[in-house]
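Report on one structure; see the data block that follows.
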Amino acid sequence: MAMLTVEDLKIYYATPFGHVKAVDGVSFEVREGEVFGIAGESGCGKSTLVHSLILRKPPMVHMGGKALFKGRDLMRLSKEESRKIRYTELSIIPQYAMNALNPTKKIKDIVWDLAREHGHTDREEVERLLRERLKMVKLSEKVADMYPVELSGGMRQRATMVVSTLLNPDLLIADEVTSALDVTTQRVVIELLHHFMREGIVKSIIFVTHDLALLDKIADRMMILYAGKVVEIGPTEEVINEPSHPYTQLLLSSLPRMGIQYRKQKLRGIPGYPISLLNPPKGCRFYTRCPYALDKCPSEEPKLVKVGEEHYAACHLLGGEDQ
Amino acid sequence: MGFRRYMVRKVVVYGITFVFAVTLNWLLPRLMPGNPIEAMVSRSGGAASSQLIKFYEEVYGLNQPMWKQFLNFWVNLFHGDLGYSMLYNAPVSSIIKHALPYDIAILLPAIVLSWLVGNWLGAIAGKNKKYDRYTMPLFYFLASMPYFWFAMILVYVVGVKLGWLPYSGAYAPDLVPSLSWTFIKSFLSHWILPFLSLFIVMIGSWAIGMRNMIIYELEADYVRYLEALGASEKLMTKHAYRNAILPQVTGLALQLGMMVAGAIATEIVFNYPGIGVLIMNAALNQDYFLLQGAFLIVVISVLAANFLIDIVYAFIDPRVRASYTEG
Amino acid sequence: MKRYLAVALVAVVLGSLFGLASVSAASEFPRNETLYTANSAPPTNANPFQGGNIIGLDGLIFEPLFMLNFMTGQLKPWLAESGKWVEPNVFEVVLRPGLTWQDGKPLTAEDVKFSFEYYQEIGLRNWSKLGLKEIKVVNNRTVDFIFSGTPNYQLWKLQLFYGWGQGVLIIPEHIFKNIDPKEIPKMTFLGDEQKYLVGSGPYKLYEVVQGQKSILIRNDNWWGIKYFGKPAPKYIIQLYVKDNAQAANMFIKGDLDVGTYYIDIVKAKEENPYLVSWLDKPPYFPPVAPVLLYFNTKKPPMDNPQFRRAIAMAINPKQIITNGPIGGMPSEIPFGTGLLSKWADKIDLQGLIKEYGWQYGNVEEANKILDQLGMKRDSNGWRTYNGKEIVLHLVTCAGCSDWISTAEIIQNQLKAIGIKVVIDKYDWGAMMDKYHKGDFDLGLHWAGTFQPTAYAVYNALLSKDGVANFGNFTDPQAQQILDEFAKTTDPNKEAQYIKQLSEIWLKEVPAVPVYMATLFYEANTKYWTGWPNAQNPYGVPIFWAKYGTWGTALALLGVKPAGSSTTSTAQTAATSTSSPTSTTSTSSGKSICGPAAIVGLAVIPLLLRRRRK
Amino acid sequence: MARESRLALVRIAFRNRKFQFGFGLLAFFVIFALIGPLFTPFAWNGLYYENVGGIKIASYGGKTLPPMSHEVITTYTGKKVEVLHILGTNINGQDLYARLVYGLRTSLWIALLAAAIGTVLGITIGLVAGYKGGWTDELLMMFTNIMLVIPSIVLLVLIAAYLSARTPGIQALIIGLTGWPWVARAVRSQTLSLKNREFVHLAKLAGLSDLRIIFTEVMPNMVSYIFMAGILQFSGAILASATLDFIGLGPTTMVSLGNILQRAIAYNALQFGWWWWFIPPGLIITLIITALFFINIGLEEVFNPRLRRE
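Structure (structure tokens):
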């Protein structure tokens, strides 16, 4: 069953120079009980995409498309409805998780302030839950009574995860939560997310990252974005092992692999930079960097082509005229 | 424990500041050309006889070698003796003591109330863009006004043209300060214009400060997080406000510390008998001792205010506490 | 937060309400029994020896042997009934009968002797410098001052009243013998020390509100009532009024009765018709002593009297008065109005000026002199001296706006004869320093003319170490005349010496009087009338501390209540002072409307919030 | 938006409404100060000068004439000249429009000089302290904090009072000397954060001298900041110099805006209703500072897009 269905979503930024098309007609769905990964280079629109689900503020504008969350279109909810859903049903662990907590408020106060906003009345109950969860993530109960500034970075990260999931949201968005962390802490975070899923604290997770290797470990299905467009979407294993889109392939080949010696596998970067989203080319947005670009690439936009069970990619190389 | 080290460090820094400021204060006038005694005597009588000059040099201890003057200065300081004013012919401490209440009467309410009102207006402007668009230029205009010029306008319009309020002195000339109703009424009516002249202008800068802080804080990660988790506007503002107000508290304390310096130009416009005018007169007339005394009081109170703020912050701002417990 | 705000706002609103309810409640000091004057220094000290900055401390509380009427130059016997040279070296003072201290004890010759000696002990006076050998009490009412050799009669005359650096106030021996003279300099005589303030005068110190006002209350047992009548005001309150702007305000509102401040008197009279001044026409204020343009006479080309004369001729005082400070036309010699009227005829001033003097504003003649001196004009029209453009630095005081505008006008006027003037403004102390060190070309000051006698004027200006000889002028002949002058008491001889000195002045031009400075003075006739004015100069409108015995006390003792008819209109108020009423002239019976003398004008530098001590 | 060219920034700035307003207002006053004297026959001191054989001799106008008064002045040589007093005259018969224009010049000049001194000093001390660190930092910052603690107006009064002759340059110097500390503090913290960036490390590895690194690597990254600090210093200096002038410690050789106000109050302009004497100078000061504020917030929005509120 789909927890979230996004259809042809367009999210642009209004700037003095015109609209920046950060998310331009993206469709996907997130199912209950799965971890859905979103990957791409920085600036490809992945953060914009997930943030637009939570909150759209100027200069971010919704230019079309739907995002059905448990049957309701997030893009059309009233301010108050949207506010109520957040945290209780739809929550986020932000990219800046280490600084997400107000430095001058005790963690228990922050939590209580939020919980009260969402209809909780029993402060002790909330605090008890908080302490319990803190223990669950291997933090001392006392952290509840501390100020965020008194915690180390990693502790703050975990505390934020606890805060974000405290009210058992159905869908949790984890936005680049691991980017700034060292490998061991990354591991802890990922384990925690697994743990949350296992315990039924969250039902589904959207995991946003630029690190494909990480997705391999956590995501059930994944989607790769490039310049505001979906280039490939499908079960993680398939996408990683049989990438169909040249971009995905390049992305993957730029990763070092465990067990393979450097000399044997030449790491390849992707030459060039992502195009400006202010005036994207009509056709494929990747053609400027694509080693296999065809004549029609600059002018014709490729559609998603089915390349396997639930596995799609958008590239003229895959044909797809018929789709 | 970190707190102790923190305190010791602060005390040392403030101590050095104090010694430095006071020494500078002692040194400056003595480096300058001109004989203040002669100026003093000749100004009042026309020509000065050497007899009188010698007499006064002895009275003020200016005939002693420099190092001894410096030593005496510190010794006297710790006895609470700030010297003897040449201009006013009275102990500096007593002159200051009699002027200070008037400064406090004007400045304390002006600073505190403008702080309250300014922060309130600034916070509203910070979170409400529509309101901000209209009020912000006004705040900037207020903050740009030389406060003595605004005082002049008030005197001219309210005092001279409309004749609603008295605008000169601290109370009616036929009264002697007392706790009588008549005196209080007179005092208050003389108080309003100077108070307003400072209050209104000060609102501008407080409001700007608060507005900018609120905008800054509302952009901060923790507010974005709160918002993402469905916090109401009210809650976000509450959190932002708390953090935004901290620097404003510092500003308030510093202003209060500088209060004893008076509001020189305002006091000139309103003929208010405060310390500002004392300082100015002392400066214009090279009254070493009064100038030093007044400056000293100012430095002490500013340092005290700073010190107090440092201590208070160690308790109210966990960030400060975190910084010293770490190191 | 909002709650605090509400409280605060309510407080402000309440405050405003209090304020708007006009302040009209009865005060402790009934207006019709209280005279308000103003002091440009805040009352902080009541030390009668030095530093007292309360008007009337000298003159109204403590009294001298003689009072000086500043405007007439007359000495008025006060505690003394008479004082004269009974022998060439013995000056005998006889006190009035029935003198008492305010505590009821009699005031005797012993007190006089004690006072003179006490001043010397404190270090304020040095009698031996004047040759005073001994002070001898002859009997209860008689004191002899015995000198060694021939005393300087002229200087001794200045010691009979009290002022800056001269004279004494008579103090009670029974009080002051208990106070160590060494303690005196730092005493304020306020608070606990106020008990020592036992004088002999018509007023006692009632209360001092530190830094703001001081209040005198009438002494109803004053010994002088039978000689001078009972003073009219029960209270004299002097307010600290720091500058002209504030004074103008208060005069307009009628809060002040009298004061010494520069205000636009014409405008002020429009606003408050009760205001009167010394004169009814410009300059309104009493012109008292000329402000001099000094030359640094030791520095070329100012060392040449012909050059100085040319500059004097280029100066046009009329323009200075019109466009600069309020003042009167000066004479060529450095005398104030009083001294002029006293001596002009006796020394045939007009004749002197015709023969030796210069003509103000005669640019043509001035140019001729400079041409004769060979000071050629360069291509820009500036005069040269030894081939170099002449640039004179006029040093003046930065806070003294009158002097600055005077300097600017002089600068402008000297352009007409091709002399370039640069105006350097310094603070008062720095300016005096420059004058004393001779570090200037031109300077402005009144110190030398602000003197009570002709001798004092010329002594200050022409003698080698004259207190106001800033230009360092030396002339052996003048020195010799001054020495002889000091040893005479004969009025004819005095006239002779003054004439000779004036001749030297006119020939040598050590300095040029540029305008007659005025003593700013305005009085309010709504509550008190009979103020001294040009027609009836019984007292002196100088309301500063330390000039009490120069005529302030006389002025304050001469006022009368305005009477119950406060309905008096502008016109009656004006007429009551413009013509001397018989009451005023009789009331001050013995005062002499004669030749005036003395001084005035220390006000000028004061003008701009420059506080006198 | 990270690498917009300078030109683009300028373009954005001129498209910013606040910047437009502030810049326009300031430009107006600067132009007014420059060409204002063209509209009046009076010299800087408000007097009418006439050329007599190569030397200029002044004539005075009538006293306290209201604005737009026409007057016939008789000059030194007896010529009669009709003049217009645009803003009336003061009690000395000096033309107030002329004084205002020249006073504005002086005030702007003083403020510019003071701002330059204060900013340069602040930047230098801040850069050195931040970059060098260690004892240099400790000492400089202690000094800075001391200066920060002492109320600058009191310090200004102290210094100004002890200088017997004051030119605009000297006034600018003392204002500049008391205005630098907060610039220093802010520049230091900027430097601290910049100094650990890669490009600085690279430069160090490349063996560049400290001085060169400071000027070629660190400083260019603070240009926007320095510019804005300079503007704030400028407005602070205008206010400080006006206050000093007002309390009688202004330049003794020139007319300035504060000086006009001081004279106005000393001669009872308030009581006698000579409003043309004291309203214009204060209004100009206020408007200039407002303009500077607007330039500053305009620029802030340009440099820091997050703050854009339009």
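Protein chains in written order, with the working numbering: chain A, 4 to 326; chain B, 192 to 518; chain C, 24 to 636; chain D, 1423 to 1732. Note that CB positions come from ideal geometry on N, CA and C, so glycine has one too. Here the structure is a predicted model, which is why all the values come from computation and not from measurement.
**Message:** By DSSP's criteria, LEU415 (chain C) is part of a beta bridge. Which residues make up the other side?
**Reply:** C:VAL444
**Prompt:** Cβ of CYS420 (chain C) within 8 Å of Cβ of ASP394 (chain C)?
**Reply:** no
**Request:** Compare the C-beta of PRO509 (chain B) with all C-beta atoms of chain A and state if any pair is closer than 8 Å.
**Result:** yes
**Prompt:** Considering SER207 (chain A), what are the terminal residues of the alpha helix (DSSP H) in which it resides?
**Reply:** No alpha helix (DSSP H) holds SER207 (chain A); the beta strand (DSSP E) holding it covers 207 to 212.
**Request:** Taking TYR285 (chain C) as the reference, give the member of C:TYR550, C:LEU485, C:PHE137, C:SER63 with the closest Cα.
**Result:** C:SER63
**Asked** What's the call for THR589 (chain C), buried or exposed, on a 16-neighbour Cβ count within 10 Å?
**Response** Since pLDDT at THR589 (chain C) reaches only 42, below the 50 mark, its modelled position is unreliable, and no value is offered.
**Message:** Using the three-state DSSP reduction, which class does ASP1559 (chain D) fall into: helix, strand or coil?
**Reply:** helix
**Asked** Looking only at C-alpha atoms, which of D:LEU1599, D:TRP1698, D:THR1589, D:ILE1581 sits nearest to TRP1531 (chain D)?
**Response** D:THR1589
**Inter-residue Cα distance where the pair is PHE184 (chain C) and LEU273 (chain B)** = 35 Å
**Prompt:** Whose Cβ in chain D lies nearer than 7 Å to the Cβ of ASN434 (chain B)?
**Reply:** Residues of chain D passing the Cβ test: none, with the nearest at roughly 17 Å.
**Request:** Classify ILE1707 (chain D) as helix, strand or coil using the three-state DSSP reduction.
**Result:** helix
**Asked** Helix, strand or coil for ILE656 (chain C) per DSSP?
**Response** Summary: the structure shown does not reach residue 656 (chain C), with chain C confined to residues 24 through 636, and so no result is reported for it.
**Request:** Whole angstroms is fine: what's the gap from ALA452 (chain B)'s alpha carbon to VAL283 (chain B)'s?
**Result:** 15 Å
**Prompt:** Are there three or more Cβ pairs, one per stretch, closer than 8 Å when the region 323 to 332 of chain B is compared with the region 1658 to 1673 of chain D?
**Reply:** no
**Request:** Can you tell me which of the three DSSP states LYS265 (chain C) falls into?
**Result:** coil
**Same chain only: Cβ atoms within 6 Å of GLY347 (chain C), ignoring 5 sequence neighbours per side** = SER428, THR429, ILE432
**Message:** Does the structure place the region 448 to 463 of chain C close enough to the region 307 to 327 of chain C that three or more beta carbon pairs sit under 8 Å?
**Reply:** yes
**Continuous alpha helix (DSSP H) stretch holding GLN252 (chain A): start and end** = 249 to 256
**Item:** Start-to-end residues for the beta strand (DSSP E) that takes in SER105 (chain C)
**Value:** 103 to 110
**Item:** Closer than 8 Å to chain A by CB, ALA419 (chain B)
**Value:** yes
**Request:** Determine the chain D residues that contact ALA430 (chain C) at a beta-carbon separation under 8 Å, and present them in chain order.
**Result:** Chain D residues near ALA430 (chain C): none, gap ~12 Å exceeds 8 Å.
**Asked** What is the residue span of the beta strand (DSSP E) that HIS468 (chain C) lies within?
**Response** 465 to 468
**Request:** With a threshold of 16 other CB atoms inside 10 Å of the CB of TRP426 (chain C), please say whether the residue is buried or exposed.
**Result:** buried
**Message:** Cβ closer than 9 Å: which chain C residues qualify as neighbours of VAL1474 (chain D)?
**Reply:** GLY404, LYS438, ALA439
**Prompt:** With 8 Å set as the bound, which would you pick, yes or no: does the beta-carbon of ILE1597 (chain D) sit closer than that to a beta-carbon of chain B?
**Reply:** no
**Item:** First through last residue of the beta strand (DSSP E) which encompasses ASN1473 (chain D)
**Value:** 1470 to 1474
**Request:** Say whether chain D places a C-beta atom closer than 8 Å to the C-beta of THR208 (chain B).
**Result:** yes
**Asked** From the beta carbon of LYS201 (chain B), is the nearest beta carbon of chain C less than 8 Å away?
**Response** no
**Positions along the region 271 to 285 of chain B whose CB lies within less than 8 Å of some CB in chain C** = TYR275, SER276, MET277, LEU278, TYR279, ASN280, ALA281, PRO282, SER285
**Request:** Note down, in chain order, every chain C residue with its Cβ under 8 Å from the Cβ of SER359 (chain B).
**Result:** GLN269, ASN272, MET273
**Item:** Contacting residues, own chain, Cβ-Cβ under 7 Å from THR1613 (chain D) (five flanking each side not counted)
**Value:** GLY1548, LEU1549, GLY1552, TYR1553, VAL1640
**Request:** Give a yes or no on whether the C-beta atoms belonging to THR428 (chain B) and LYS320 (chain B) are separated by under 8 Å.
**Result:** no
**Message:** List, in chain order, every chain B residue whose beta-carbon is nearer than 8 Å to that of THR107 (chain A).
**Reply:** ARG433, ASN434, LEU437, ASP508, PRO509, ARG510
**Asked** GLU153 (chain A) versus chain B: which residues are under 9 Å apart at the beta carbon?
**Response** PRO509, ARG512, ALA513, THR516
**Prompt:** Does the distance from the CB of ALA513 (chain B) to the CB of GLU153 (chain A) come in under 8 Å?
**Reply:** yes
**Message:** Just checking: is the beta-carbon of VAL266 (chain B) within a distance shorter than 8 Å of some beta-carbon in chain C?
**Reply:** no
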